[in-house]
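Just so it is clear: in the sequence shown, position 108 is 112 by this note's numbering, and no numbers are missing.
Accompanying notes for the structure given below.
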Amino acid sequence: RRHCLICSSPAAMPSLWRSVTLLGVLATASCSTNPRYATSTTVWAPKGRLLQLEHAQAAAARGSSVVAMITKDGVYIAAAGPKFSSRLLAASVTPKLASVVPDGSIVLAYAGVGPDFRKLLVTAQEIAL
Numbered sequence: 005r006r007h008c009l010i011c012s013s014p015a016a017m018p019s020l021w022r023s024v025t026l027l028g029v030l031a032t033a034s035c036s037t038n039p040r041y042a043t044s045t046t047v048w049a050p051k052g053r054l055l056q057l058e059h060a061q062a063a064a065a066r067g068s069s070v071v072a073m074i075t076k077d078g079v080y081i082a083a084a085g086p087k088f089s090s091r092l093l094a095a096s097v098t099p100k101l102a103s104v105v106p107d108g109s110i111v112l113a114y115a116g117v118g119p120d121f122r123k124l125l126v127t128a129q130e131i132a133l
């Protein structure tokens, strides 16, 4: 049987099975994770949950770590490579760190949700200019 990765509920019937890919999260749509509720941050599911937020949290939980240290010599940032579940994903298009300003003095790191990271990066770059 297939189970939803977000709520762990089994799909009630094969006719209810649907696959929804949201930011790399594959969920089986059962009564509690219907795609109508899983694709919007402003639509509440019947049980009072924001499923898009839960998908984002699940993606972030599967992300790898980023660590920063301040020393007398400077700041060191280390990022573990992404955990790829598919050989179709290229590491070069999913960076963990990105420079906000050209000289690299401000860096943004993320775990999980790529489109959110790109939006935050663009906003940070606009503010920094």
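Note that beta-carbon positions come from the ideal geometry of N, C-alpha and C, so glycine has one too.
Item to check | Where Thr127 falls: helix, strand or coil (DSSP) | outcome: In the structure shown, Thr127 sits in a helix (DSSP, three-state: H, G or I).
Item to check | Segment limits, beta strand (DSSP E) that includes Ala83 | outcome: For Ala83, the enclosing beta strand (DSSP E) has its first and last residue at 78-83.
Item to check | Meets three-Cβ-pair contact criterion under 8 Å: the stretch 72-79 and the stretch 125-132 | outcome: The stretch 72-79 is not in contact with the stretch 125-132.
Checklist entry - With Ala83 and Leu112 assumed to form a contact (beta carbons below 8 Å), what rounded beta-carbon distance in angstroms separates them? => result Contact flag wrong, Cβ pair sits at about 11 Å.
Item to check | Glu1, buried or exposed, once every other Cβ within 10 Å from all chains shown has been counted against 16 | outcome: Not covered by the structure: residue 1. The range shown for the chain is 5 to 133.
Checklist entry - Straight-line CA distance for Ala65 to Leu133? => result The straight-line gap from Cα to Cα measures roughly 32 Å.
Item to check | Separation of Arg53 from Tyr80, as counted between CA atoms | outcome: If you draw a straight line from the Cα of Tyr80 to the Cα of Arg53, it comes to about 39 Å.
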